[in-house]
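Residue numbering for the sequence shown follows full-length UniProt numbering, beginning at 1 and increasing consecutively. Don't be surprised by glycine CBs; every beta carbon is placed ideally from N, CA and C.
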Amino acid sequence: MCKLNYKNRKSDGPKLGGIVAKDLRNQTRKCFAKADPRPEQSPLVLELQGKKLTDEGCVAMVGGLSETIASRDGVCCNKLEELHLTGNDLTTKSLRALAEVIRLSSFDLKDLDLSDNNITVGTDQQAKDWEFFLQSFEDCRVLRRLQFSGNELGPRAHEVLARVYAKQPIVDPTELEEYNKHTNGTNSSESLVEITNRARAMSIKSPTDDRVSPTNSLHKGTVLKRRQGLRSIPYIIFSNTGLNDQGALFLSYVLAIHYYPQYLLCPLRSNSQAVQLDEENHKNHCWGLVYLPNKNISDTGHKLLQHAEENRVDFTGIEHDIADGNVPSSMGSFVTVAASPMAPATRRSSHGSSEAEREKKHAVNMSLENYRHKVQRSVLDWPGYRSVELWRCALKMLAYARAVLITNGQDSFEKTPSSLTVQYPLAQLTSTHAYVSRMLATSTDAPEPIFGVTGVSDEPTIPQVPDFSNSTSDKKNYNNPPSLLQQQIMDSRNAAAATTHTTTLHARIEASDHNDREPDNLGQLPHDVWRHILTLVSQGYGVLSEEQQVAIMEYAKDPANRDFEKSHLGMPECSQIWHIVDKMGCLEYLVKG
1 MCKLNYKNRK SDGPKLGGIV AKDLRNQTRK CFAKADPRPE QSPLVLELQG
51 KKLTDEGCVA MVGGLSETIA SRDGVCCNKL EELHLTGNDL TTKSLRALAE
101 VIRLSSFDLK DLDLSDNNIT VGTDQQAKDW EFFLQSFEDC RVLRRLQFSG
151 NELGPRAHEV LARVYAKQPI VDPTELEEYN KHTNGTNSSE SLVEITNRAR
201 AMSIKSPTDD RVSPTNSLHK GTVLKRRQGL RSIPYIIFSN TGLNDQGALF
251 LSYVLAIHYY PQYLLCPLRS NSQAVQLDEE NHKNHCWGLV YLPNKNISDT
301 GHKLLQHAEE NRVDFTGIEH DIADGNVPSS MGSFVTVAAS PMAPATRRSS
351 HGSSEAEREK KHAVNMSLEN YRHKVQRSVL DWPGYRSVEL WRCALKMLAY
401 ARAVLITNGQ DSFEKTPSSL TVQYPLAQLT STHAYVSRML ATSTDAPEPI
451 FGVTGVSDEP TIPQVPDFSN STSDKKNYNN PPSLLQQQIM DSRNAAAATT
501 HTTTLHARIE ASDHNDREPD NLGQLPHDVW RHILTLVSQG YGVLSEEQQV
551 AIMEYAKDPA NRDFEKSHLG MPECSQIWHI VDKMGCLEYL VKG
């Protein structure tokens, strides 16, 4: 193992980041300079705790680290297993840089420690960086711990987490295999559920009475054949991260369907990391997904997370009485339950208890939903719907959709609740609107538009899009060779043998299939085209699912919903908005379990 420990180095700050990058590049160069056969890949542990790298030093370090773990002809110099970056004044800029390292080490990285930095998710750019970082874990297979404690992440970070988590690969608990058959060849009759039952019962009530490690008990259990993505990380730690009720609301969606470490973690040797991970279980009774302590969570927020934990018990198949600490004396060390389906007679005899269990599960789900609704209304009251990206995009898309689909640009929103008339009156969308008169193809990063606005007008007009495919005078204005995007645009237009240097959006619409036109829509554009346009202008791509986009469009074009909104006008504004967003199905991200 190659362990690079810079904790005792006198150098720190951005300078140390350059030193680390240089050391890694030298190591890589020596590795590939050797003749075949090259030495086997070395596991790499990089320790940079408390060195105040800052974003500049981290980006420099990432450059060298990426080179040493990147594959060349199927061979790489090192395999990154642990990366410790505690106390380095890092922000979300560093997270965006680290995303490349995470992707390159998706089959090797086991521990990533980013605690006690300056990572905050407040602005749009910080949210984009954070989301890009979280998406990089999609292919991670062996990551055991992801440590964020001591960063004032803020509530928006947990909203983005729920959004990314919803799109990550689903962990299938049926894809299990006995771990010990790879070690001693014996068969184990203990199921993973029973091991988890016993582990929770021993520790959740009294952290000092029975200190048997749940992870150490897995040597006779079963483990997942395939782990992948955020859902498969046994330990994600959010202690002291500025978590409040708004953040707890979105964290509850993740918590309720995140499997316990016992389902996800292979047995560990008795080393410092095994002890450390076990302590995470006992310290705050947060099993795997650690969110305590966080002083900004109210009593309501704590109860919400407690109900999410109860829902998690049902989701993972843990017995309620054991989860509550009621362990029968006959249990012994572990209860043995066959993993095979029940026989018909057994199934009939257990019908009554199954019915009771279903009722209890329903009650747990209802309690969780009630607390979620309570927190949702509280957040809508203050700091308001604008603080939640999902709700903001949904309401904005609704306002624009009504202007397009119902009013056709002529009606007003006088019948809608005050919460919408104040924020999105039709007059604001028209009288103060600057119309695009000229657009230019530009080279941008996704998901930014490829057409930049270069001219505006106070009057409605057909925007012009200059075509440089055959214009020599315009080509001279390029100081640099055209980008790949610009070259693709030029090539496609040349291939079409364009005869004019200016095309218009109006001409492109006219060239479309007239059979797809919908006369009742503004501009006669098809309903689906308007959905894409309205999602784009409301900044809903990546936030609103396709199902939610369709639901908003259906809600907007149904005049009966005006009466639905009028029936709630006597309620507080936060309740009015809640009922609208709820009916559109946009209160939460669609997290599939």
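Handout entry: Straight-line gap, proline 417 to glutamate 359 (C-alpha atoms, nearest Å)
Key = The pLDDT assigned to proline 417 is 43, lower than 50, so where the model puts this residue is not dependable, and the model offers no usable value.
Exercise for the section: Could you tell me whether the Cβ atoms of arginine 163 and valine 581 are closer together than 9 Å? Expected result: no
Exercise for the section: Count the other CB atoms, across all protein chains shown, that sit within 10 Å of the CB of glycine 17; report buried if there are 16 or more and exposed otherwise. Expected result: buried
Handout entry: Proximity below 9 Å, CB of glycine 57 to CB of glycine 13
Key = yes
Problem - Closest by C-alpha distance to threonine 300, when choosing among Glu355, Gly570, Arg517, Gln376 - result: Gln376
Exercise for the section: Pull up the CB-CB distance for arginine 141 and serine 105, whole angstroms please, since I reckon it's below 8 Å. Expected result: The Cβ separation is near 10 Å, so there is no contact.
Problem - Of the listed residues Arg231, Ser239, Val75, nearest to lysine 295 (C-alpha basis) - result: Ser239
Handout entry: Whole-angstrom distance between serine 149 and aspartate 124, CA atom to CA atom
Key = 22 Å
Exercise for the section: Could you check how far apart the C-beta atoms of alanine 127 and valine 171 are, in whole angstroms? I think they sit under 8 Å. Expected result: With a Cβ gap of about 26 Å, alanine 127 and valine 171 do not count as contacting.
Practice task
On the DSSP bridge assignment, give the partners of serine 42 in chain order.
Solution key: Asn78
Practice task
Find out if the Cβ-Cβ distance for the pair leucine 85, aspartate 111 is shorter than 9 Å.
Solution key: no
Handout entry: Beta bridge counterpart(s) of glutamine 147 as assigned by DSSP
Key = Asp113, Ile237
Practice task
Could you tell me which of Pro519, Ser575, Asn561, Leu405 sits nearest to isoleucine 533, measuring between CA atoms?
Solution key: Leu405
Problem - asparagine 294 in three-state terms, based on DSSP - result: coil
Practice task
Can you grab the Cα-Cα spacing for the pair glycine 247 / alanine 560, in whole Å?
Solution key: 34 Å
Exercise for the section: Evaluate lysine 79 with the Cβ neighbour count: other Cβ atoms within 10 Å of its Cβ, from every protein chain shown; 16 or more gives buried, anything less gives exposed. Expected result: buried
Exercise for the section: Would you mind reading off the limits of the alpha helix (DSSP H) that contains asparagine 561? Expected result: 560-566
Exercise for the section: Going by CA-CA distance only, name the one from Ser354, Arg156, Ala60, Glu47 that's closest to isoleucine 19. Expected result: Ala60
Problem - Residue range of the beta strand (DSSP E) that includes lysine 3 - result: 2-5
Exercise for the section: To the nearest angstrom, report how far apart leucine 146 and leucine 134 are at their CA atoms. Expected result: 11 Å
Exercise for the section: Starting from glutamate 47, follow its DSSP beta bridges and name the residues at the other end. Expected result: Asn5, His84
Practice task
Return helix, strand or coil for leucine 289, following the three-state DSSP convention.
Solution key: strand
Exercise for the section: Tell me whether leucine 289 counts as near the ligand FAD, meaning its Cβ is closer than 8 Å to at least one heavy atom of that ligand. Expected result: For the structure depicted, the ligand FAD is absent and the ligand set is empty, with no information on it obtainable.
Problem - Rounded straight-line distance, which links the Cα of alanine 35 to that of leucine 95 - result: 36 Å
Problem - Helix, strand or coil at arginine 312 according to DSSP, with G and I counted as helix - result: helix
Practice task
Measure the C-alpha to C-alpha separation of glutamate 357 and serine 567 and round it to an integer number of angstroms.
Solution key: 38 Å
Problem - Test item: CB-CB of histidine 302 and tryptophan 578 under 9 Å - result: no
Problem - Beta-carbon proximity check, threonine 91 vs glycine 64, cutoff 9 Å - result: no
Practice task
Would you check if the distance between the CB atom of proline 155 and the CB atom of aspartate 381 is smaller than 9 Å?
Solution key: no
Exercise for the section: List the DSSP bridge partners of arginine 72. Expected result: Val75
Practice task
Grab the span of the alpha helix (DSSP H) containing tyrosine 400 for me, first residue to last.
Solution key: 389-405
Handout entry: methionine 553: first and last residue of the uninterrupted alpha helix (DSSP H) it sits in
Key = 546-557
Handout entry: Rounded C-alpha distance that separates tryptophan 287 from cysteine 77
Key = 36 Å
Practice task
Verify whether the separation of the beta carbon atoms of leucine 98 and valine 45 is less than 9 Å.
Solution key: no
Problem - Closest by C-alpha distance to aspartate 113, when choosing among Glu152, Arg392, Leu48, Arg227 - result: Leu48
Exercise for the section: Please report how far the alpha carbon of asparagine 311 lies from the alpha carbon of glutamate 152, in whole angstroms. Expected result: 28 Å
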